[in-house]
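The working numbering puts the first residue of the sequence shown at 2, with every later residue one more than the last. Worksheet: the structure to be examined is printed underneath.
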Amino acid sequence: MNKQCQAISRVAGSSELPRAEFSFAIAQRAGVKAAGGLTLKPARKVEFSTSEGTWMSLDISPDGRTILFDLLGDIYTLPITGGEAKPLLTGMAFDSQPRYSPDGRLIAFIKGRDGADNPWIANADGSGLQQLS
């Protein structure tokens, strides 16, 4: 079994996955702007926890020590040996399909923001966000 398949098995079958907490604002229609756009205001905040995920994309760092993965529109890192997942990119935009650069210094991913999915890059620690198109 290759390295990536082993990592997928570990992530998918691990009972040690950390509980990740997510917050979403549920919006309600509050009116219409003159330009025809909707004005949305948060109606309430909903929090929930999860300890597993499906339909996830992941990559292994070039040094083989870290798993980079997406879960519910956010991007996380997790030591390949297990432990606690660290949120890397979070927020209202839907981030997905993360990949390490060959040297491991950068990550590339798709950011769903402003009604479009576009390729972005960031430093491996999540800093230095830059849209590519």
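From the three backbone atoms N, C-alpha and C, an ideal C-beta is built for every residue, glycine too. Predicted, not measured: the structure shown is a model, and the values here were computed from it.
Beta bridge pairing from DSSP links Q131 with I122. For D104, there is no enclosing beta strand (DSSP E), since its DSSP letter is neither H nor E.
Between S58 and G74, the alpha-carbon positions lie close to 11 Å from each other. Taking 9 Å as the cut-off, the beta carbon of A86 is found closer than this to the beta carbon of L72. Taking 9 Å as the cut-off, the beta carbon of P103 is found no closer than this to the beta carbon of K112.
The C-alpha of L79 is placed about 14 Å away from the C-alpha of G54. Judged by DSSP in its simplified three-state form, D115 adopts coil rather than helix or strand. Counting every other CB atom within 10 Å of its CB across the protein chains shown gives A123 a total of 16 or more, marking it as buried. Boundaries of the beta strand (DSSP E) around T78: 75 to 80.
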